[in-house]
Every structure is written in structure tokens, then in C-alpha cells.
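The structure under discussion appears below in the form of C-alpha cells.
There are 2 protein chains.
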Amino acid sequence: MKDFTFYNPTRIEFGREKEKNIGQYIKDYRNKKVLLVYGSERIKRDGLFEKVANSLKENNIEFVELGGVVSNPLLSKVYEGIKIAKEEQVDAVLGVGGGSVLDSVKAIAAGAKYDGDVWDFFIFKAQVQDALAVFSVMTLAATGSEMNPGGVVMNDETKEKFVLLAPQLYPKVSVVNPELMATVSKDYLAYSAVDIFAHCLDLYFTAKYLPLYNCMLIEAILKTVMRTTTILMENPNDYNAKAEFAWASTMALNGNTLPGVEGNSYDTHLIEHALSALYNIAHGAGLSIVLPAWMRWYKENNLAQFERFAKEIFGLNTAEEGINKLEAWFKEIGSPVTLEEANIPKSEIPAIVDNVYNMAKTWQMDTLYTEEQIAEVLELA
Amino acid sequence: MKDFTFYNPTRIEFGREKEKNIGQYIKDYRNKKVLLVYGSERIKRDGLFEKVANSLKENNIEFVELGGVVSNPLLSKVYEGIKIAKEEQVDAVLGVGGGSVLDSVKAIAAGAKYDGDVWDFFIFKAQVQDALAVFSVMTLAATGSEMNPGGVVMNDETKEKFVLLAPQLYPKVSVVNPELMATVSKDYLAYSAVDIFAHCLDLYFTAKYLPLYNCMLIEAILKTVMRTTTILMENPNDYNAKAEFAWASTMALNGNTLPGVEGNSYDTHLIEHALSALYNIAHGAGLSIVLPAWMRWYKENNLAQFERFAKEIFGLNTAEEGINKLEAWFKEIGSPVTLEEANIPKSEIPAIVDNVYNMAKTWQMDTLYTEEQIAEVLELA
């Protein structure tokens with residue numbers, strides 16, 4: 035078992051109508067002026083923006099706004115946010131939205147306290163020393179972003195989708211109200227479920243030492259996600275299903291699956307980031323294409339664990355049966371499982387391999403796979 | 035699913051030789067003078083005290099000492115600690131030991147910043163407003179105390195064993211080095227395993243709503259504890275077994291099993307505290323007596339969950355088989371399962387019931403059980 039430091043100071047306020055207290059939560063941390071970041075104008079139509087704005091006003095917290103964050107969030111929008119944050123001298127950034135909004139918020143929070151180009155943090159040219167306080171009201175559960183110190187942003191110019199990580203970026207408080215997920219489409223529900231599976235399975239299969247506790251914790255997350263996704267496909271208003279789904283998604287990427295694990299890597303995420311960067315498909319859709327292919331390619335390296343997966347998650351006997359069943363489930367909930375379904379022709383594979391390999395080098399992960407091996411995985415997709 | 039706040043800011047430094055950095059960790063939080071609290075003089079003989087003292091000196095952290103904390107820690111020792119902490123104007127309290135040491139440390143940390151009697155906090159006469167910073171180096175994993183804001187102390191005069199809870203008492207940093215557990219006797223290993231089981235099973239069986247995630251998380255903890263205890267009974271030096279045991283014990287009582295759970299209570303702990311308060315037996319030994327008895331008494335209230343327990347933990351079919359097997363396992367690892375084995379005669383039952391009921395009233399839990407019902411459970415033991 036590997037030595038580790040475990041530290042996660044984010045306070046989660048989970049439950050019905052908690053967004054109405056966001057002003058109070060921000061006041062608890064003595065912040066006075068926030069940049070409120072969001073995606074589409076939907077939150078103005080459905081009343082969420084007003085609830086949040088009222089809570090800020092009631093607690094005498096000033097705010098300025100930045101809307102228009104898109105899925106696969108863009109560096110150009112982050113620059114815009116940093117400019118406003120500096121000009122308006124805000125002391126906190128509040129995201130109201132899903133993972134992409136919170137990714138952008140974290141980059142803005144780090145960039146606003148830095149004199150250079152915020153992209154420096156993504157390419158290891160600089161380390162975050164200080165950041166504005168981060169707060170969030172989540173409308174979509176999938177990324178774990180509400181309780182971790184990471185953010186993924188795409189450089190619009192270079193088409194690199196890279197990660198920013200710094201302990202200063204743990205949100206102070208994140209509101210998770212499962213009722214706010216009611217407006218999530220079935221497509222995005224499926225993509226979210228796939229994303230959670232990928233966060234867990236990369237670790238589950240690649241770890242050289244996986245404590246029993248972590249192994250079973252991951253199985254708990256996967257079983258919760260499968261059960262609740264199935265319920266929500268039928269009845270999107272089932273509160274308990276939404277709530278259990280949301281908490282499982284937080285626990286999938288907030289550090290709880292990691293303590294003591296040795297030698298794991300995030301292979302499918304690495305490959306997928308190239309797909310969504312190059313073809314602007316949803317991250318979850320890209321993952322459901324890459325994951326079963328990668329599992330088939332990788333399974334002989336850790337066959338016993340693939341057999342355990344088949345047995346514990348699906349009650350099946352062989353590794354191959356487990357992978358087939360997972361792929362079938364992704365199809366059933368409406369997420370694509372081949373490059374073809376996402377309209378990405380086979381001729382694009384070399385371009386994808388280039389992008390992946392470039393990213394792997396930046397992360398010093400290029401020793402893990404050769405370009406040929408990445409191409410092999412993609413051929414299987 | 036119940037609304038909840040999840041917040042646990044403790045930093046865990048887990049692994050080999052981490053105690054050598056304790057001075058640095060304390061410096062990270064800008065503390066300058068600590069009261070170092072410990073139990074027996076063993077830590078001076080085995081070199082742990084010297085390692086800790088050297089690390090404090092290297093980091094220019096002054097310290098004063100207080101040894102002699104005993105199992106079922108006493109309020110009189112806490113008063114002694116508060117007096118020293120005030121006189122010496124320390125700004126932090128560092129516990130080096132097991133659960134009892136850390137219980138005492140938390141009470142001292144709260145009492146040193148309070149003008150009244152620290153016992154006020156235990157009987158709900160006052161609320162903690164401020165506390166000295168808490169740090170720990172753990173030598174025994176069982177109580178979860180290293181990552182929670184609670185402490186249990188016994189009032190020597192009234193024989194009440196009560197609980198103190200306040201968010202200010204989360205340790206800033208706790209060192210968990212599984213190698214320091216090497217000197218734990220087989221008896222205490224067994225008592226620790228039982229304690230973890232009880233922390234989990236009270237919740238597992240009494241919850242009116244238990245999310246699947248929490249249910250499986252508890253099963254992950256129990257299976258880890260069973261597997262590693264069995265290994266450690268044979269080979270106390272198996273590092274990975276010690277490490278997996280230690281982390282499971284932290285996760286059993288640091289808040290992770292609770293989010294979203296509705297309507298649970300800590301029945302067996304309530305009853306056991308009377309046993310260890312009145313007869314000074316080890317807390318874990320008391321629990322292995324109370325737990326199977328309570329399970330037999332309670333099982334019809336939640337039969338499906340008792341059947342799940344039998345199946346998931348032992349691969350058995352009925353509730354009764356599961357309880358019998360658990361009781362047999364407690365025996366096998368050397369923890370008593372009847373009052374008789376602990377030399378507590380049946381004639382003592384009324385005295386125990388009195389003590390339990392008095393505690394239940396203080397905690398406003400007296401609506402849960404009548405005195406007759408508590409006596410019924412004890413008769414089964």
C-alpha cells in the first residue's frame with residue numbers, strides 16, 4: 035500500500051433548495067464580491083439565476099456576471115473571465131452549472147491571481163500560488179468537479195484539452211441539489227453515467243496495488259450509478275435516484291477512490307480528451323466509445339480484475355462477458371460505442387493518435403504507451 | 035434521501051515514517067507551542083517519543099508534556115491538561131497514542147479556550163466556541179478519532195462516559211503510520227476490529243433509509259477488517275494488512291458512512307458505554323458482548339437488511355446464521371461475547387440499565403428504548 039496524503043476541505047451542502055443559501059455560505063468565508071459564471075441563458079428562464087442572485091443580495095454580496103460557457107469549455111472564455119475578475123476586483127468566483135462551468139471557474143480563479151498567461155498552469159510552466167475563492171451551485175452531477183481541485187479546459191487555438199490541478203482550487207462550498215438535475219436530458223444523463231464509470235474503471239483495472247476497500251468502494255459507485263440511471267431513464271423525477279446518483283458521482287472523483295492505490299493511470303480519459311477536443315463530441319459520448327475498446331485491448335494485463343468486474347457488477351463469469359455487457363448497457367442508455375456512430379471516420383485515427391501522444395508527453399505519461407498502441411485501441415473502437 | 039452537510043477538513047498523512055514530519059505539519063498551520071499528550075511510558079522506551087520530540091525541535095516548536103492517559107480516559111486527566119495548557123499558553127495540543135489519548139486531547143483543546151467547566155460541553159450546558167488546534171500521531175487504529183470531531187471521556191466521579199462533538203475539534207493533521215501498530219497486542223487488535231464493526235452495524239441496521247452506496251461502503255469496511263484481522267492474527271508484521279485495516283477504521287467513523295442516511299441511531303455504543311464506565315472493561319470487549327445480543331433482539335425490525343448482511347459478509351442465507359457467524363468470529367479472534375466472560379454477574383443488569391438510561395436522557399435518546407427493553411438486550415448477553 036502506497037503512502038499518501040488525504041485532504042479534501044470542500045464543504046458540500048446537499049439537498050433540496052440549498053441554492054437559496056448560497057449567499058450565506060459565501061458570507062461564511064467572508065467573501066464580498068463574486069464573479070457569477072454560467073453556461074446558457076436557461077438558468078435565467080427557469081428561475082435558478084434569480085434564486086441565486088436574491089440570496090447574494092440578501093447577504094450583501096455584490097456580483098458581476100459572465101455567461102456563455104460551453105461544453106468542452108474554452109480558454110478564450112476563461113481569459114474573458116480573468117479580465118472581468120481583475121477589473122472588478124472580485125474576491126471569489128461562483129459557478130452555477132455543470133462540470134464545464136466549474137472547470138472554467140477554477141481556471142478563472144487561478145488566472146485572476148497570476149500576472150502571466152493562465153495556460154502556463156496547464157502546461158506545467160508555472161504552479162498556482164494563490165487563487166480567488168471558488169464556490170458552486172451544481173446543475174449536473176458527473177465530473178466530481180464540485181469536490182476536487184481540478185479543471186479541464188480546451189485551448190481553442192491549439193485544440194489541446196488539458197488539466198489544471200492545484201489545492202487552492204478546492205471549492206470552499208458546493209451546493210448539490212438533486213432537484214436541479216431534473217432538466218438534464220436523457221442523453222446527458224447517459225453521458226454522465228459513462229463519465230463516472232470511466233473515472234472509476236481506469237483506476238480499477240490499471241492499479242498495480244488496489245486495496246480491497248477501494249475496490250469495493252468503486253463497485254459501490256458503479257452499482258449505484260447503474261441502478262439509479264435505469265430508474266431515471268423511466269422516471270426523471272425520482273428524487274432518491276437523482277440524489278444517490280449525484281452523491282456517487284461526487285465520490286467517484288473527489289479523491290476517495292485513490293488512497294493507497296499504486297501505479298494507476300487514466301488511460302481512457304487521456305484518449306478521450308483528444309476525441310472531444312478534435313470533434314467537439316460530448317466527453318461522456320467519447321468515453322463510451324473508448325472504454326470498451328480499451329478494456330478489450332488491456333484485459334490480459336489484469337485478467338483476474340476483469341473477471342471480478344464481470345462477477346460483481348453483472349453476475350457474469352468471464353472478462354469478455356463483462357465487457358460485452360457494459361458495452362450493451364452503454365448502448366441501451368443511448369451512448370455511442372463506436373467511432374462510426376459519432377461520425378468519426380477511420381481515416382482520422384492518425385490525427386487522434388497525434389493529439390493523444392502530444393498530451394501524454396506534456397503529462398510525462400508518454401512512457402505508458404507507444405503511438406502504435408494508442409492506434410490499436412482506436413482500431414478496436 | 036436526507037439533506038446533509040458534508041465537511042471534513044482533516045489532513046491525513048498516511049504511511050511509513052510520517053511521524054518524523056510532525057513538526058513540519060504543525061508549522062504548516064503556524065502553531066508554535068504544543069502540549070504533547072500520551073498514555074503509558076512505552077513511547078519513551080520504543081523511540082517514538084524521541085522521533086516526535088526531534089521533529090518538533092527541528093521545526094522550532096516548543097512543547098510541554100502530559101503522560102498517563104488511560105483507556106476509558108478520565109475527566110480528571112483532562113482537567114490536568116487544561117491547567118497546563120492555560121499556564122503554559124500553548125496554541126495546539128498533539129496526541130501521540132490511540133483513541134483514548136486523542137479523546138483527551140480534544141477535550142483539553144476545547145477546555146483550554148473556555149472559562150467554565152469543560153464537562154459543560156458533554157452535558158449540553160455549553161457549546162464549543164473556540165479550541166486549540168488539534169494534531170495527532172496515531173499508534174492504534176480503531177476509533178476514527180484521527181479524522182472526526184468527537185471525543186469520549188469518563189467523568190471519574192459520576193461514572194458517566196459521555197461524548198463531546200464540535201467542528202473546531204477536527205484534527206488539523208493526523209499521522210497514521212501503520213508500522214506504529216506493530217506493538218498492538220492481539221487482544222487490542224480484536225477489540226479494534228469489533229469497535230469498527232459496531233460503528234458500522236449500528237448504522238447499517240437501524241437506518242430507515244440507507245442509500246445503496248452507504249450500504250456497500252459499510253460492507254467494504256467490514257470485509258476489509260475481517261480479511262486483514264485474520265491476516266494480522268497470524269502475522270502482525272504484514273504491512274499491507276495493517277495499512278488496509280487502519281484506513282478502513284478511519285473511514286468507518288469519519289462521516290463517510292452517513293451522508294443521506296435517515297433515522298439511524300448508535301444503540302450498541304450507547305449500551306456499551308455503560309459497561310466500560312461501570313466495569314472498566316475495554317470498549318471493544320464490551321461491544322462484542324452487546325452487539326450480537328442487540329442484533330438478535332433487533333433483527334425483526336429490519337429483517338431484509340439482516341439477511342443481506344448474512345449473504346454479503348458471510349455468504350449465508352438467514353439473519354440468524356449471519357448473527358451466529360459474527361458471534362463465532364468475535365470468539366475466534368478472542369473477544370468476549372457474554373457478560374459472564376467479562377465477569378459481570380446477571381445481578382448487575384439493573385445497575386447497567388440505570389446508567390444507560392441516564393445517558394440516553396442526556397442525549398435526548400430516551401424515546402428510543404424503555405428501561406425494560408434495554409434490560410431485554412442485556413438478558414440476551
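Protein sequences appear in the order of chains A and B. In this text, residue positions in the first sequence follow our numbering: the first is 35, and each later residue adds one. In this text, residue positions in the second sequence follow our numbering: the first is 35, and each later residue adds one. No residue lacks a Cβ here, since even glycine has one placed at the ideal position from N, Cα and C. Treat the numbers as computed from the prediction; the structure is a model and nothing was measured.
- Within the model, the alpha-carbon separation for Lys257 of chain B versus Phe343 of chain A is close to 17 Å.
- Residue pairing for Met188 of chain B: DSSP places it in a beta bridge opposite B:Leu108, B:Lys195.
- Cβ-Cβ separation between Ala409 of chain B and Ile367 of chain B: approximately 28 Å, too far for a contact (criterion under 8 Å).
- For Tyr238 of chain A, there are no C-beta contacts with chain B under 9 Å, since the nearest C-beta of that chain is about 13 Å from it.
- The DSSP-derived three-state label of Ile77 of chain B is helix.
- Around the beta carbon of Pro326 of chain A, 16 or more other beta carbons sit within 10 angstroms, so the residue counts as buried.
- Counting only the Cα atoms, Ser134 of chain A lies some 6 Å from Ser105 of chain A.
- For the 8 Å CB-CB criterion, Tyr243 of chain A and Glu296 of chain A form a contact.
- Taking the Cα of Leu108 of chain B as reference, the smallest distance to any Cα among B:Asn274, B:Lys193, B:Pro370 is reached at B:Lys193.
- Bounds of any beta strand (DSSP E) do not take in Tyr59 of chain B; it lies within the alpha helix (DSSP H) bounded by 56-62.
- By the rule that beta-carbons nearer than 8 Å mark a contact, Glu253 of chain A touches chain B.
- Looking at the DSSP output, Ser138 of chain B shares a beta bridge with no other residue.
- Within the segment 350-378 of chain B, no residue has its Cβ closer than 9 Å to any Cβ of chain A.
- Distance from the Cα of Ala282 of chain B is smallest, within the candidate group B:Ala275, B:Asn298, B:Thr262, B:Ile255, for B:Ile255.
- The alpha carbon of Ser208 of chain B has as its nearest neighbour, out of B:Tyr391, B:Arg50, B:Ile56, the alpha carbon of B:Ile56.
- Cβ neighbours of Glu341 of chain A within its own chain (closer than 7 Å, five residues either side excluded): Thr352, Ala353.
- Annotated as proximal: Ala286 of chain B and Ile230 of chain B, with beta-carbon spacing under 8 Å.
- For Phe40 of chain B, the chain A residues whose C-beta falls within less than 8 Å of its own C-beta are Arg45, Ile46, Phe48, listed in chain order.
- Across the segment 264-278 of chain B, CB contacts with chain A closer than 8 Å involve Tyr273, Asn274, Ala277, Glu278, in sequence order along the chain.
- For Ala165 of chain A, the three-state secondary structure derived from DSSP is coil.
- Using a CB distance cut-off of 8 Å, Thr258 of chain B counts as an interface residue toward chain A.
- As a beta-bridge residue in DSSP terms, Tyr72 of chain B pairs with B:Val130.
- Annotated three-state conformation of Ser208 of chain A is strand, per DSSP.
- Residue burial annotation: Phe156 of chain A is buried, with at least 16 other C-beta atoms found within 10 angstroms of its C-beta.
- Chain B places a beta carbon closer than 8 Å to that of Arg261 of chain A, counting this residue as a contact.
- Residues of the segment 156-184 of chain B with a C-beta atom less than 7 Å from some C-beta of chain A do not occur.
- Taking the CA atoms as reference points, Glu114 of chain B sits about 30 Å from Asp221 of chain B.
- Restricted to the segment 77-102 of chain B, the alpha helix (DSSP H) segments that are unbroken, complete and at least 4 residues in length are 82-92, listed in chain order.
- Counting C-beta pairs with one atom in each stretch, the segment 256-271 of chain B and the segment 260-277 of chain A have fewer than three that are closer than 8 Å, which means they do not touch.
- Taking 8 Å as the cut-off, the Cβ atoms of Arg330 of chain A and Ile357 of chain A count as close.
- By the rule that beta-carbons nearer than 8 Å mark a contact, Trp328 of chain B does not touch chain A.
- Thr39 of chain B sits in a strand when the DSSP states are folded into three classes.
- By the C-beta criterion, the segment 371-387 of chain A is judged to be in contact with the segment 310-324 of chain A, since at least 3 inter-stretch pairs fall below 8 Å.
- Residues Ala344, Gly356, Lys359 of the same chain have their beta carbon placed closer than 8 Å to that of Leu350 of chain B, with the five preceding and five following residues left out of the count.
- Chain B has no Cβ within less than 8 Å of the Cβ of Tyr63 of chain A.
- Only residues of its own chain outside the window of five on either side were considered, and among them Phe97, Glu99, Leu128 have a CB closer than 6 Å to the CB of Leu70 of chain B, listed in chain order.
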